[in-house]
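Read the structure below first, then the notes.
Number of protein chains: 2
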Amino acid sequence: MMADHILLVEDEKLLRRSLAFNLEQAGYQVTSSSNAEDALEIVRRDPPDLVLMDIGLPGMDGLEALRKLKTQHTFPVIFLTARRREFDEALGLELGADDYITKPFDLPILIARIRAVLRRIKNPAEAAIHTPISVGDLEINPIRFVATLRGEELNLSPREFDLLHALAIEPERVVSVDSLINQVWGAEYEGQPQVVYVHIRWLREKIEDDPKYPERIITVRGKGYKFIPHFDS
Amino acid sequence: MMADHILLVEDEKLLRRSLAFNLEQAGYQVTSSSNAEDALEIVRRDPPDLVLMDIGLPGMDGLEALRKLKTQHTFPVIFLTARRREFDEALGLELGADDYITKPFDLPILIARIRAVLRRIKNPAEAAIHTPISVGDLEINPIRFVATLRGEELNLSPREFDLLHALAIEPERVVSVDSLINQVWGAEYEGQPQVVYVHIRWLREKIEDDPKYPERIITVRGKGYKFIPHFDS
DNA sequence: GATTCCCTTAAGCCTTCCTTAAGGTTGCGG
DNA sequence: CCGCAACCTTAAGGAAGGCTTAAGGGAATC
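Chains A and B supply the protein sequences, listed in that same order.
Here the working numbering is used: the first residue of the first sequence is 1, the next is one more, and so on.
Here the working numbering is used: the first residue of the second sequence is 1001, the next is one more, and so on.
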């Protein structure tokens, strides 16, 4: 079993050294880099299994570079950030970050997150459920339990979130009410379809421009519902 | 359990590499190719389980090559396409594409589709019901629950949709009323044939130029009905 | 303790379905 | 050529089904 390869991008020297040391102690192979340019080059030569990146790198170039990289290789990214707000402002989610952790952070917690993310990408079944997805102007991050529409965070209840996720992960495909109940409520739920109707109603209230004439969650009478991606115009 | 073998045909180098990398991560065996000619050769030598193909390859030769290939080996195809319109114009479905996915796409979603398509071809029963079909100027996509005639979406009720599907999946062949009842209403339905007549009537209203003189759904007296493909002229 | 969430219920609407029934059409036997 | 029977077409109406929506109370969460 090869050690997983982590690319650490952090400009502050002490923190960089300390992290690299500790991650190596934890059994990872670590490559460090203090700026985005170097990181880019490293990724090109030898794609890592995971990138650990300080969001507050000098200049916004780091984020921009990452955006480019993510279109080429899809490796998981964990951001280090001073405050949650910083993460949101930097649109980390849009960039496909898999997770973030706020400073000051706890080493065991960081390592646990790293392990969780790595485990996910190695298990396709789990990955499908937990990986952030983006469909049109909608983004869903099942790990952080955050969904955004046109960049704005939606305030969804757990049920609404799961329901939306179940629909959006199969865009344009009709998902039967039975299947939705299975995915969202679980197989053992003795479900009347009514439940689904109600939550669809509330979801529409939150994601449709005009819930009366839904354009994203479409009813397919007798068959179920389907999610239609919409793009910013 | 052998890994499924995917042939990736994509001319853009970075995207090709990235996809290959990620699909391998997901547990598939991937062969890449940047053009149709190579792809042809690869298929001849070692037929893949699935082909993932950029629809915007240089020249239309890719599509033409694929058309030829599909007559030799039957493997499923998923198209990558920039816009949905592009797919329609290229008549991807007519070429036997099993699915398409529009860029920019999300890796988890792509992988989910790949898995769905592979599962389908391994289960013949499921395959017949769920595979998109194209007969003449009519296209039926049971997964999206969309039927189009000359590119225009038909507004069919569930019964009408199923009925049309049952007929169109065996073009030119006469399907008995009993068989239609079985397929559309289910075996347990205590069916009077009357029901079928009525729905045929409504279907004709929606897909025939002149319902009075049907050209697509033809009555074969005493035997049943048959669907005759028509092409744009 | 307040608030959010969630399920149930029930009223109402609209589509879809099936039935019925009144013709047409076709083919066959006389 | 005629009449009949079987088969199909077609229109119309009522019934059912499926979905929407609002409201209420209990549960869960903070």
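Quick reminder that beta carbons are idealized off the backbone N, C-alpha and C, glycines included.
Quiz item: Quick check: the region 1209-1225 of chain B against the region 1108-1128 of chain B, are there 3 or more CB pairs under 8 Å?
Solution: no
Self-check item: Assigned secondary structure, K212(A) (DSSP; H/G/I helix, E/B strand, else coil)
Solution: coil
Practice problem: State the DSSP-derived secondary structure class of D49(A), mapped to helix, strand or coil. | Solution: coil
Quiz item: Interface residues of chain A around R1144(B) at Cβ under 8 Å?
Solution: E172, R173, V174, K226
Self-check item: Beta-carbon gap between F1075(B) and I1101(B) smaller than 9 Å
Solution: no
Quiz item: Can you name the residues of chain B whose CB is closer than 8 Å to the CB of N222(A)?
Solution: Note that residue 222(A) is Gly in the sequence shown here, rather than Asn. The contacting residues are S1157, P1158.
Quiz item: Is F145(A) helix, strand or coil when you go by DSSP?
Solution: coil
Quiz prompt | CB-CB length for L1008(B) against R1016(B), believed under 8 Å | solution = 6 Å
Exercise. Using a Cβ cut-off of 7 Å, pull out every chain A residue sitting near I1181(B), in sequence order please.
Key: None at all; the shortest Cβ gap to chain A is about 17 Å.
Exercise. Would you identify the three-state DSSP class for H5(A), choosing helix, strand or coil?
Key: strand
Quiz item: Does Q1029(B) have its Cβ less than 9 Å from a Cβ in chain A?
Solution: no
Quiz item: Should V198(A) go down as buried or exposed, given a rule of 16 or more other Cβ atoms within 10 Å for buried?
Solution: exposed
Quiz item: Would P1193(B) pass as a contact of V1174(B) if the rule is Cβ separation under 9 Å?
Solution: no
Practice problem: Please list the partners that P47(A) has in chain B, where partner means a Cβ-to-Cβ separation under 8 Å. | Solution: F1021
Exercise. Please go through the same chain and pick out, in chain order, the residues whose beta-carbon is closer than 7 Å to the beta-carbon of R1150(B), but skip the five residues on each side of it.
Key: D1137, D1232
Quiz item: Within the 9 Å Cβ cut-off, does Q1192(B) reach chain A?
Solution: no
Practice problem: Rounded to whole angstroms, what's the CA-CA distance from L167(A) to E1024(B)? Just pull it up for me. | Solution: 26 Å
Quiz item: Counting contacts by CB-CB distance shorter than 9 Å, is T131(A) in contact with chain B?
Solution: yes
Quiz item: How big is the Cα-Cα spacing for L969(B) and L1052(B)?
Solution: Outside the displayed range of chain B (1001 to 1233) lies residue 969(B), so it cannot be described from this structure.
Quiz prompt | Selection from V1077(B), I1129(B), T1219(B), E1139(B) that minimises the alpha carbon distance to R1113(B) | solution = V1077(B)
Quiz item: If P171(A) and P229(A) are in contact, beta carbons under 8 Å, what's the gap, nearest whole angstrom?
Solution: 5 Å
Quiz item: Whose C-beta lies closer than 8 Å to the C-beta of N155(A) among residues of the same chain, with five residues either side of it excluded?
Solution: K206
Practice problem: Following the continuous beta strand (DSSP E) through Q29(A), name the residue where it begins and the one where it ends. | Solution: 29-33
Practice problem: For S134(A), return the contacting residues in chain B, with the cut-off set at a CB-CB distance below 7 Å. | Solution: D1106
Exercise. Pick out whichever of F105(A), R45(A), Q183(A), I129(A) has its Cα sitting closest to the Cα of R159(A).
Key: Q183(A)
Quiz item: Considering only residues of the same chain and omitting the five flanking positions on each side of G1224(B), which have a CB-CB separation below 6 Å?
Solution: V1174, V1175, S1176, V1177
Practice problem: Taking only beta carbons into account, state which residues of the region 1107-1121 of chain B come closer than 7 Å to chain A, listed in chain order. | Solution: L1107, P1108, I1109, I1111, A1112
Quiz item: Is I55(A) close to chain B, meaning its C-beta is less than 9 Å from at least one C-beta of that chain?
Solution: no
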